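Working notes, structure below.
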Amino acid sequence: MSGHVMASGAVQKKKIPSPILGMLLFVFTEIMFFSGLISAYFVIRSRSNFWVPPEGVRLPVLSTAFNTFALFLSGVLLYYAYRLFDMKGKREKALFYMFISFLLGSFFVGFQGFEWVRLFAYGMTLKSNIFSSVFYLLIGSHAAHALSGALAILFVWKGFRRKYQKDVMIALMMFWFMVVGIWPVLYGLLYF
């Protein structure tokens, strides 16, 4: 039987905490957003006779693989921090891993920006061809989410230095894991 039994014998159902429910709804809408972008990618690609980067431009597959590893590691460390917060005497270690997760997420975004600058220098701009436009739309949308997520990790980390809130941590992980989880799909579609 779910819920708590009250003195009168009535059952009170357990409620989903507000931060978790709010983030669950938000993540659902963001998954729909990315599903729409990916669907548009498939439609545009199927109707395009020429689906390659501009002539002379090679996408940075290997450096992006390294960057992908940094993003994955940030997700692992955020989860590890979550586990440590529940252990007595591990608060400082949890805060440390959470901060490293923020740094890795920030590194991911910064490195993506560096790659974009190089691609622009090689001649791959938004107007180069349809591939370039779709590439920047999808990768840029993800970068905006990754930047928001990294900043959220920092903001929550600052708050947790005073007081840990498990529901907030779970909500944060839901968003960050969505960011981490959607990346391999985009990387696979656009870089290979």
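So the sequence shown is numbered by this note's numbering: it starts at 595 and just counts up by one.
All C-beta atoms in this analysis are idealised placements derived from N, C-alpha and C, irrespective of residue type, glycine included.
These figures come from a predicted structure and were not determined experimentally.
Across the set Phe622, Arg639, Phe628 and Gln606, the C-alpha of Arg639 shows the shortest separation from the C-alpha of serine 726.
Per DSSP, isoleucine 610 lies in no alpha helix (DSSP H) segment and is marked neither H nor E. Here valine 605 carries a strand assignment [DSSP, helix/strand/coil]. Spatial neighbours of tryptophan 645 in its own chain (CB-CB distance under 8 Å, excluding positions within 5 residues in sequence) are listed in chain order as Arg639, Ile724 and Phe725. DSSP places lysine 760 in the helix class (H, G or I) of the three-state scheme. Here glutamate 624 carries a helix assignment [DSSP, helix/strand/coil].
Secondary structure remark: continuous beta strand (DSSP E) runs of at least 3 residues inside the region 691-737: none found.
Within its own chain, the residues whose Cβ lies closer than 7 Å to the Cβ of phenylalanine 696, once the five positions on either side in sequence are excluded, are Ala744, Ile747, Leu748 and Trp751, listed in chain order.
Pairing isoleucine 632 with leucine 766 gives a Cβ-Cβ distance that is not under 9 Å.
Fewer than three beta-carbon pairs drawn from the region 621-628 and the region 654-674 are found closer than 8 Å, and the two stretches are therefore not classed as touching. Around the CB of glutamine 606, fewer than 16 other CB atoms lie within 10 Å, so the residue is classed as exposed.
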